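**Q**
Chains as they are written, first to last, in the numbering used here: chain Z, 333 to 409; chain X, 15 to 371.
Below, the structure written as structure tokens:
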């Protein structure tokens, strides 16, 4: 019985799950990292508006994590 | 991760006071600190007259307050009121933009302005100062609003002031005031303030509280050292000094201070060798009867420096905020020293000695 069930699992399905995990987990990781940087950037901007540009750039730097995730997901597919 | 802390079994649910969001608060406060006057400004201010200084301050971070008060006051009074109002509003802002633990700790910490204001009003009444003179020294950064405090300052006798404070935590001490024991009452108010602080710090052993406690204890050490220097120099009796000492210092515990008390001024200075504060004051300390201004300036400088370096070690904690508070207070003090010195026609050297830059 066990052997039959295993045989049913499709390799492409596993790849899809892997790709999903790569995107999902890296998305969460970026979110956590951006949360602190974003609030800090808002705090600094509240006092000094000219920091908007720098704040924006620093806030999206952790976005690289999810981009790597996306790349890995595409490679898996 | 505040929500996890809240529901985590055995977590700090009983003392939970909401998320602290240090990333926002500490960065905003750092941005505020970057707006303080740089130290190169002070020599320039020294070369200005009162009206030029007023204009300069009116164009810097104190613009709003100076503009608002310019109709009512002028000259040195304008600067004084402007500085006090700005200080009060800045600290109130800190309370308003913080949440959770730092908000709670700051509210308790800033109660020292309540104590300060009560002392100012009582002293003012004691020396029959006019309402305006008392108002000049009020900083409404604590729990009491400026309106309430100026009402208190306008009362005709100390009895009415104390009656108006019924229901506050200070009333139990103030009711013993009989116009002779002003210094005893002032001392008890101070001790009550620090007792209150230690009470709330003792509640929990979180990292914030520990850092906050270290900060408060250093502050107490510096205060005690200043008291010791002054009273030792004036050769006051040991028991009397002990009454004025605040318990709970970091390095100078009551036990250590008791060892210092019987020593002569010269030996007292020698004994300070083993404490970390010695490095910062050793240049200024002399065993003759010269002025203590240098020593006190160095001690204040030490607390400024240690807070600032400490704030780099713990960037996302209450330390940068405390650092800002003492830097801001120091800036206001410096500006006040310059304007008051200029108004009293003191020489530049005398004023410069008093500045903590």
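All C-beta atoms, glycine included, are put in the ideal place defined by N, C-alpha and C.
The structure presented is a predicted model; accordingly, all values stated were derived computationally and were not measured.
(1) State yes or no: is the C-beta of residue 76(X) within less than 8 Å of the C-beta of residue 89(X)?
(2) Do residue 353(X) and residue 80(X) have their C-beta atoms closer together than 8 Å?
(3) For residue 42(X), count neighbouring Cβ atoms within 10 angstroms of its own Cβ and tell me buried if that reaches 16, exposed if not.
(4) So what's residue 219(X) in DSSP terms, helix, strand or just coil?
(5) How about residue 328(X): is its C-beta nearer than 8 Å to some C-beta of chain Z?
(6) Taking Cβ-Cβ distances below 9 Å as the criterion, which residues of the stretch 43 to 61 of chain X are in contact with chain Z?
(7) Using a Cβ-Cβ cut-off of less than 7 Å, give me the residues of the stretch 371 to 389 of chain Z that come near chain X, in sequence order.
(8) What did DSSP end up calling residue 336(X) once you bin it into helix, strand or coil?
(9) Note down, in chain order, each residue of its chain lying with its Cβ closer than 6 Å to the Cβ of residue 91(X), except the 5 sequence neighbours on either side.
(10) In three-state DSSP terms, what is residue 107(X)?
(11) Does the separation of the CB atoms of residue 329(X) and residue 40(X) fall below 8 Å?
(12) Can you give the Cα-Cα distance for residue 148(X) and residue 142(X), rounded to whole angstroms?
(13) Keeping to the same chain, check which residues put their C-beta closer than 8 Å to that of residue 335(X); ignore five residues upstream and five downstream.
(14) Please classify residue 229(X) as buried or exposed, where buried requires at least 16 neighbouring CB atoms within 10 angstroms.
(15) Taking 8 Å as the CB-CB cut-off, is residue 104(X) touching chain Z?
(16) Does chain Z have any CB closer than 8 Å to the CB of residue 38(X)?
(17) Using a C-beta cutoff of 8 Å, does residue 100(X) count as contacting chain Z?
(18) Tell me the rounded alpha-carbon separation between residue 370(Z) and residue 388(Z).
(19) Under three-state DSSP, which class holds residue 400(Z)?
(20) With a threshold of 8 Å between beta-carbons, can residue 1(X) be considered close to chain Z, or not?
(21) Throw me the rounded Cβ distance for the residue 359(Z) and residue 398(Z) pair, which I believe falls under 8 Å.
(22) In this structure, does DSSP put residue 85(X) in helix, strand or coil?
(23) For a cutoff of 8 Å on Cβ pairs, would you count residue 110(X) as touching chain Z?
(24) Quick check on residue 377(Z): buried or exposed, where buried means 16 or more other Cβ atoms within 10 Å of its Cβ?
(25) Are the beta-carbon atoms of residue 158(X) and residue 131(X) separated by less than 8 Å?
(26) Apart from the five residues on each side of it in sequence, which residues of its chain come closer than 8 Å, Cβ to Cβ, to residue 101(X)?
(27) Taking the alpha carbon of residue 291(X) as the point to measure from, which residue in 309(X), 280(X), 278(X) has its own alpha carbon closest?
(28) Between which residues of its own chain and residue 299(X) is the CB-CB distance below 7 Å, once the five residues before and five after are set aside?
(29) Which residues mark the beginning and the end of the alpha helix (DSSP H) in which residue 376(Z) is found?
(30) Which term fits residue 256(X), buried or exposed, when burial requires 16 or more other beta carbons within 10 angstroms of its beta carbon?
(31) Tell me whether the beta-carbon of residue 196(X) lies closer than 8 Å to the beta-carbon of residue 137(X).
(32) For residue 34(X) and residue 46(X), what's the separation of their Cα atoms in angstroms?
(33) When the Cα atoms are used, what is the spatial distance from residue 165(X) to residue 349(X)?
(34) Where do the ends of the alpha helix (DSSP H) carrying residue 176(X) lie?
(35) Residue 404(Z) and residue 343(Z): beta carbons closer than 8 Å?
(36) Thinking residue 372(X) and residue 368(Z) are a contact (beta carbons under 8 Å), I'd like their distance in whole angstroms, please.
**A** The relevant details are as follows:
(1) As a position in the second chain, residue 76(X) is number 62, starting the count at 1. As a position in the second chain, residue 89(X) is number 75, starting the count at 1. Note that the C-beta distance between residue 76(X) and residue 89(X) is not below 8 Å.
(2) Walking along the second chain from the start, residue 353(X) turns up at place 339. Walking along the second chain from the start, residue 80(X) turns up at place 66. Residue 353(X) is not a Cβ neighbour of residue 80(X), given a cutoff of 8 Å.
(3) Here residue 42(X) is taken as the residue at index 28 of the second chain, counted from 1. So residue 42(X) ends up on the buried side.
(4) Looking up residue 219(X) in the second chain gives position 205. It is coil, neither helix nor strand.
(5) Taking the second chain and counting its residues from 1, the one referred to as residue 328(X) is at position 314. Residue 328(X) is outside the set of residues whose beta carbon lies under 8 Å from a beta carbon in chain Z.
(6) Residues of the stretch 43 to 61 of chain X with a Cβ closer than 9 Å to any Cβ of chain Z, in chain order: 43, 44, 45, 46, 48, 49.
(7) Among the residues of the stretch 371 to 389 of chain Z, those with a Cβ less than 7 Å away from any Cβ of chain X are 371, 372, 374, 375, 376, 378, 379, 380, in the order of the chain.
(8) Numbered from its first residue, the second chain carries residue 336(X) at position 322. Reduced to three states, the DSSP call for residue 336(X) is helix.
(9) Position 77 of the second chain, counting from 1, holds the residue named residue 91(X). Correct list: empty, nothing qualifies.
(10) Stepping through the second chain from its first residue, residue 107(X) is reached at position 93. Helix.
(11) Here residue 329(X) refers to the residue found at position 315 of the second chain. Here residue 40(X) refers to the residue found at position 26 of the second chain. Judged by beta-carbon spacing, residue 40(X) lies within the 8 Å limit of residue 329(X), meaning their Cβ atoms are closer than that value.
(12) To locate residue 148(X), count along the second chain from 1; it is residue 134. To locate residue 142(X), count along the second chain from 1; it is residue 128. Cα to Cα, residue 148(X) sits roughly 10 Å from residue 142(X).
(13) Residue numbering aside, residue 335(X) sits at position 321 when the second chain is read from its first letter. A distance below 8 Å between beta-carbons, with the five flanking residues on each side excluded, links residue 335(X) to the following residues of its chain, in chain order: 39, 40, 43, 108, 112, 116, 120.
(14) The residue labelled residue 229(X) in the question sits at position 215 within the second chain. With 16 or more Cβ atoms within 10 Å of its Cβ, residue 229(X) is classed as buried.
(15) Taking the second chain and counting its residues from 1, one reaches residue 104(X) at position 90. Residue 104(X) does not count as touching chain Z.
(16) Walking along the second chain from the start, residue 38(X) turns up at place 24. It does; some Cβ of chain Z falls within 8 Å.
(17) On the second chain, position 86 is the one that residue 100(X) refers to. Not one chain Z Cβ lies under 8 Å of residue 100(X).
(18) Locating residue 370(Z) in the first chain gives position 38, where the first residue counts as 1. Locating residue 388(Z) in the first chain gives position 56, where the first residue counts as 1. The C-alpha of residue 370(Z) lies about 8 Å from the C-alpha of residue 388(Z).
(19) Mapped onto the first chain, residue 400(Z) falls at position 68. It is helical.
(20) Because chain X here runs from 15 to 371, residue 1(X) falls outside it and cannot be looked at.
(21) Residue numbering aside, residue 359(Z) sits at position 27 when the first chain is read from its first letter. Residue numbering aside, residue 398(Z) sits at position 66 when the first chain is read from its first letter. With 8 Å as the limit, residue 359(Z) and residue 398(Z) qualify as a contact, their Cβ atoms being about 5 Å apart.
(22) Along the second chain, read from residue 1 onward, the residue named residue 85(X) stands at position 71. Coil, per DSSP.
(23) Working through the second chain from its first residue, we reach residue 110(X) at position 96. No, because no Cβ of chain Z sits closer than 8 Å to the Cβ of residue 110(X).
(24) Taking the first chain and counting its residues from 1, one reaches residue 377(Z) at position 45. Result: buried.
(25) Here residue 158(X) refers to the residue found at position 144 of the second chain. Here residue 131(X) refers to the residue found at position 117 of the second chain. Result yes, Cβ atoms of residue 158(X) and residue 131(X) sit closer than 8 Å.
(26) As a working note, residue 101(X) is residue 87 in the second chain. Contacts found: 153, 155, 342, 343, 346.
(27) Numbered from 1 along the second chain, position 277 holds the residue referred to as residue 291(X). The shortest C-alpha separation from residue 291(X) is found at 309(X).
(28) Counted from its first residue, the second chain places residue 299(X) at position 285. These residues qualify, in order along the chain: 283, 309.
(29) Locating residue 376(Z) in the first chain gives position 44, counting from the first residue. From DSSP, the alpha helix (DSSP H) with residue 376(Z) extends over 343 to 379.
(30) For the purposes of this step, residue 256(X) is taken as the residue at position 242 of the second chain. Around the beta carbon of residue 256(X), fewer than 16 other beta carbons lie within 10 angstroms, which makes this residue exposed.
(31) Within the second chain, the letter at position 182 stands for residue 196(X). Within the second chain, the letter at position 123 stands for residue 137(X). Yes, the Cβ-Cβ distance between residue 196(X) and residue 137(X) is below 8 Å.
(32) As a working mapping, residue 34(X) is identified with position 20 in the second chain. As a working mapping, residue 46(X) is identified with position 32 in the second chain. When rounded, the distance between both Cα atoms is 18 Å.
(33) As a first step, residue 165(X) is located in the second chain; it is residue number 151 there, counting from the start. As a first step, residue 349(X) is located in the second chain; it is residue number 335 there, counting from the start. Linking residue 165(X) to residue 349(X) through their CA atoms gives a straight-line distance of about 27 Å.
(34) Position 162 of the second chain holds residue 176(X). Its alpha helix (DSSP H) spans residues 172 to 178.
(35) For the purposes of this step, residue 404(Z) is identified with residue 72 of the first chain, where counting begins at 1. For the purposes of this step, residue 343(Z) is identified with residue 11 of the first chain, where counting begins at 1. Going by C-beta atoms, residue 404(Z) is not nearer than 8 Å to residue 343(Z).
(36) The question about residue 372(X) has no answer, for chain X in this structure spans 15 to 371.
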